[in-house]
Amino acid sequence: MTKFAAIKGFVFDLDGVITDTSVFHSQAWHQVADKVGVKWDDTLADALKGISRMDSLNLILAKDHKENDFTEEEKVALATEKNDNYLKLVNQMTPANILPGIQAFLEDLKAQGYLLSLASASKNSPLVLKKLGLSDYFTKSVDPASLKHGKPDPEIFRRGAEILNLDPAACIGVEDAAAGVQSINGAGETSIGIGDPQVLAAADINFTDTAQLTLANIKAALD
Numbered sequence: 001m002t003k004f005a006a007i008k009g010f011v012f013d014l015d016g017v018i019t020d021t022s023v024f025h026s027q028a029w030h031q032v033a034d035k036v037g038v039k040w041d042d043t044l045a046d047a048l049k050g051i052s053r054m055d056s057l058n059l060i061l062a063k064d065h066k067e068n069d070f071t072e073e074e075k076v077a078l079a080t081e082k083n084d085n086y087l088k089l090v091n092q093m094t095p096a097n098i099l100p101g102i103q104a105f106l107e108d109l110k111a112q113g114y115l116l117s118l119a120s121a122s123k124n125s126p127l128v129l130k131k132l133g134l135s136d137y138f139t140k141s142v143d144p145a146s147l148k149h150g151k152p153d154p155e156i157f158r159r160g161a162e163i164l165n166l167d168p169a170a171c172i173g174v175e176d177a178a179a180g181v182q183s184i185n186g187a188g189e190t191s192i193g194i195g196d197p198q199v200l201a202a203a204d205i206n207f208t209d210t211a212q213l214t215l216a217n218i219k220a221a222l223d
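The opening position of the sequence shown corresponds to residue 1 in full-length UniProt numbering, with each subsequent residue numbered one higher.
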């Protein structure tokens, strides 16, 4: 593992690390499920996490054997409606939606001269950052449209180091998902996993929540 003194930059995932938009995805899908007459429950909500838009819609329809009740055009229209619902919710976000401790951590990183980039697969991340008032911290972001592979492939985190002109070994990646931690490790960066240490066992450093994310705690874990 890299020594703390060698770290020059931090590459952040967005969802589950800086803010939590998964609740908005759930609300938006819930509206679609109501519309097509499928009963919404927690099991269905969990099954949709991290799954593409069309796959999510097909899972919802399959729950009540409705997958053949709609044409492809109708399915596309429902998926588009979900995204519109989601964006309406995102537009209501404020700095109050920043996860605990993150604002202070970002301020500390900037004050100490660390370089920051965003490695999010979400095309909506610029809007989310703007609503949170954090755009100034992340002037460097990986463009998800430019990627050939999704997480757990290391491409996104490797690119996150590249846009900072840093060697991956001089970067720490911050993630809340197992696939993301795998991506960081594959890129040759030091990985921090936020969440259940058993799920994120592959991370170099584990914190159960974002409030523990401080330079002092990272230094203690690395040295």
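Note that beta-carbon positions come from the ideal geometry of N, C-alpha and C, so glycine has one too.
Cβ-based burial, Met1 [other Cβ within 10 Å; buried from 16]
Of the residues assessed, Met1 falls on the exposed side of the cut-off, its CB having fewer than 16 other CB atoms within 10 angstroms.
Which residues bound the alpha helix (DSSP H) around Asn185?
Note, Asn185: alpha helix (DSSP H), 178–187.
Could you give the first and the last residue of the continuous beta strand (DSSP E) run that contains Thr190?
In this chain, the beta strand (DSSP E) harbouring Thr190 covers 190–194.
Compare the Cα-Cα distances from Pro154 to each of Phe12, Gly9, Gly188 and report the closest residue.
Of the candidates Phe12, Gly9, Gly188, the one whose C-alpha sits nearest the C-alpha of Pro154 is Gly188.
Below 8 Å, how does it come out for the stretch 73–87 and the stretch 97–107: are there three or more Cβ pairs, yes or no?
Cβ pair count under 8 Å is below three, so no.
Could you check whether Ile194 and Ile172 sit closer than 8 Å to each other, using their CB atoms as the reference points?
Going by C-beta atoms, Ile172 is not nearer than 8 Å to Ile194.
For the beta strand (DSSP E) that Gly9 lies in, which residues bound it at each end?
Per DSSP, Gly9 belongs to the beta strand (DSSP E) from 9–12.
What are the boundary residues of the beta strand (DSSP E) that includes Gly173?
Looking at the DSSP string, the run of the beta strand (DSSP E) that includes Gly173 is 171–175.
Return the bridge partner residues of Asn206 from the DSSP annotation.
Bridge pairing for Asn206: Gly193 [DSSP].
Can you tell me whether Ser117 is helix, strand or coil according to DSSP?
Ser117: strand per DSSP, three-state reduction.
Rounded C-beta distance between Glu81 and Val32? I'm assuming under 8 Å.
Glu81 to Val32, Cβ: 6 Å. Contact.
Taking Ala202 and Ala179 to be in contact with their CB atoms under 8 Å, please state how far apart those CB atoms are, rounded to whole angstroms.
No, Ala202 and Ala179 are not in contact; Cβ-Cβ is about 10 Å, not under 8 Å.
Closest residue to Gln27 among Thr190, Leu89, Gly186, Met54 (Cα-Cα distance):
Checked all of Thr190, Leu89, Gly186, Met54; the closest Cα to Gln27 is Leu89.
For Ala145, count neighbouring C-beta atoms within 10 Å of its own C-beta (all shown protein chains included) and say buried if the count is 16 or more, exposed if not.
Within a 10 Å sphere around the beta-carbon of Ala145 sit fewer than 16 other beta-carbons, which makes this residue exposed.
Does the structure place the stretch 118–129 close enough to the stretch 137–152 that three or more beta carbon pairs sit under 8 Å?
Yes: at least three Cβ pairs fall under 8 Å.
Once DSSP output is grouped into helix, strand and coil, what is the label at residue 225?
There is simply no residue 225 to check, as the chain begins at 1 and stops at 223 in what is shown.
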